[in-house]
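Q: Numbering (this note's numbering), first residue to last: 17 to 490.
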């Protein structure tokens, strides 16, 4: 099958979050199954700065009402995948991927240009798979424009984050996309008096997915859907939840080049964890006080439960624990973490920003990994932690419910982490107290660690599920 993966970011070229991991890892897994996969991305400044050897395939103009912007298509190949990069310096030669006042226009250009780029590359897809609001209008374009090249092409939309809906004024439906006002008047693309590119994708895609089975159920309720539950219920039969995997080649404690000692779940697990823990603490100039070491690698946002983590870790640090953090985000949360470090300078470490090497060290060197999220569509970090034998402490929500079987929970005969349900300080305190209990019983801790490391978190099963989904519509 020929699949075009059209996304606003993808490893290893451009990344701000989990979308980049999914676009790349899923594409790799599909290619291993024998599918022909092309990933289409904007040619961001961050990609140009990498100095890659690229082949220019051609160029064209994109007409958006009175705007006429030139575009060039470059190709880069890696590991059986083709990347098509849509170049336009006016829109993409910028410091960041997102966060500009004209983002609606920038990604309208990308949606229109991506469809033309596939023509330049002579790649006629059986399925176009789009992601989130940035590319959400593509299924609408396929259904409402008469383009012989795409005759028979089907579309799939994956919702990663329903909070961002691609809201633009109704005027731009025609001004950017050249589409009829009747799509707005009928309600097909209308959301709260504006056009939502994400809703448009939900309405017009042949199938809709999200990144875990539990999050699929959550999105059908008002509490979690950010207002999209109504339209999703209308498409309920075409809406599935497929759990993300992780890149098991990148995240492999047996071969990881960033950690002090490689290890598996066999006899060298205990020694490997001890060596990596010492290396991790040394990397942050911290002193071990005899207690568990807790880690956190995340965007510092309200969604991630950072305030809960700070409150619980303050108590744990008083009781001899260590706490290490890599992340950046909301200034207030960054400052709260800095205050905690000043309070516990010998046992608490923080790196503001993202540091890949330190992230690997945290996964390998910690005893427990914190993810007390308010909501989490899937989550990748908890699965990476499990692969490294570091037990995740999570709140049961979204994909965390699908991937962690908590210690002492009913039905968890072979626990692989710790969990709580109520989003409050007492809930996390309960889970941390269980973690301390497990830590004091080292045979139990390592039994759980080996269970976690034995889980299959690869993309193989997920790619098979996507393959079945594609086949059902092609």
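Virtual Cβ for every residue (Gly too), placed ideally from N, Cα, C.
1) Which stretch, first to last residue, makes up the beta strand (DSSP E) that contains residue 48?
2) Does the distance from the CB of residue 340 to the CB of residue 407 come in under 9 Å?
3) Nearest to residue 410 by alpha carbon, out of 463, 368, 311 and 457?
4) From what residue to what residue does the alpha helix (DSSP H) around residue 398 run?
5) Grab me the residues of residue 365's own chain with a C-beta within less than 6 Å of its C-beta, minus the 5 sequence neighbours each way, in chain order.
6) Using CA atoms only, rank isn't needed, just tell me which of 283, 418, 112 and 356 is closest to residue 233.
7) By the 10 Å Cβ neighbour count, where 16 or more other Cβ atoms means buried, how is residue 360 classified, buried or exposed?
8) Would you please state the rounded distance, in angstroms, between the beta carbons of residue 181 and residue 158? I believe it to be under 8 Å.
9) Between 75, 79, 166 and 259, which has its C-alpha nearest residue 38's C-alpha?
10) Which term fits residue 427, buried or exposed, when burial requires 16 or more other beta carbons within 10 angstroms of its beta carbon?
11) Given that a residue counts as buried once 16 or more other Cβ atoms are within 10 Å of its Cβ, and exposed if not, what is residue 65?
12) In chain order, what are the residue ranges of uninterrupted beta strand (DSSP E) at least 3 long that sit wholly in the stretch 65-127?
13) Is it the case that the stretch 369-381 contacts the stretch 333-349, given that we only count it when at least three CB pairs across the two stretches are under 8 Å?
14) Determine the direct distance from the alpha carbon of residue 451 to that of residue 307, and round the result to whole angstroms.
15) Between which two residues does the beta strand (DSSP E) harbouring residue 147 extend?
16) Quickly, what does DSSP pair residue 170 with across the bridge? List them, please.
17) Which residue marks the beginning of the beta strand (DSSP E) containing residue 407, and which one marks its end?
18) State the start and end residues of the unbroken alpha helix (DSSP H) segment that holds residue 188.
19) Of the residues 475, 434 and 446, which one's Cα is nearest the Cα of residue 464?
20) Run through DSSP, which three-state label would residue 365 get?
21) Whole angstroms are fine: how far does the CA of residue 387 sit from the CA of residue 277?
22) Around the Cβ of residue 398, are there at least 16 other Cβ atoms within 10 angstroms (buried) or fewer (exposed)?
23) I'd like to know whether the C-beta atoms of residue 178 and residue 240 end up nearer to each other than 9 Å.
24) Comparing alpha-carbon positions, which option in 347, 230 and 401 lies nearest residue 313?
25) Suppose you measure from the CA of residue 75 to the CA of residue 324; what does that come to, to the nearest Å?
A: Put simply:
1) Taken as a continuous stretch (DSSP letters only), residue 48 belongs to no beta strand (DSSP E), being part of the alpha helix (DSSP H) at 34-48.
2) Contact annotation: residue 340 and residue 407 have beta-carbon atoms that are not nearer than 9 Å.
3) Looking at the Cα atoms, 311 is the closest of the given residues.
4) Counting along the chain, residue 398 sits inside the alpha helix (DSSP H) bounded by residues 397-403.
5) The answer, listed in chain order, is 300, 302 and 340.
6) For the set 283, 418, 112 and 356, the Cα lying nearest the Cα of residue 233 is the one of 418.
7) Burial is judged here by how many other beta carbons sit within 10 angstroms of a residue's own beta carbon; residue 360 has at least 16 and is buried.
8) A Cβ-Cβ separation of about 20 Å leaves residue 181 out of contact with residue 158 under the 8 Å criterion.
9) Ranking 75, 79, 166 and 259 by Cα distance to residue 38 puts 259 first.
10) Exposed.
11) Exposed, by the Cβ-count rule.
12) Qualifying beta strand (DSSP E) stretches, in chain order: 71-80, 83-94 and 97-103.
13) With the cut-off at 8 Å, the stretch 333-349 and the stretch 369-381 touch.
14) Between residue 307 and residue 451, the C-alpha separation is close to 11 Å.
15) Its beta strand (DSSP E) spans residues 143-147.
16) Answer by DSSP bridge pairing, in chain order: 143.
17) Unbroken beta strand (DSSP E) run through residue 407: 407-411.
18) Residues 187-191.
19) Of the candidates 475, 434 and 446, the one whose C-alpha sits nearest the C-alpha of residue 464 is 434.
20) Strand at residue 365.
21) If you take the alpha carbons of residue 277 and residue 387, they lie about 25 Å apart.
22) Result: buried.
23) Yes, Cβ-Cβ distance for residue 178 and residue 240 is below 9 Å.
24) Nearest of 347, 230 and 401 to residue 313, Cα basis: 401.
25) Those two C-alpha atoms are separated by around 51 Å.
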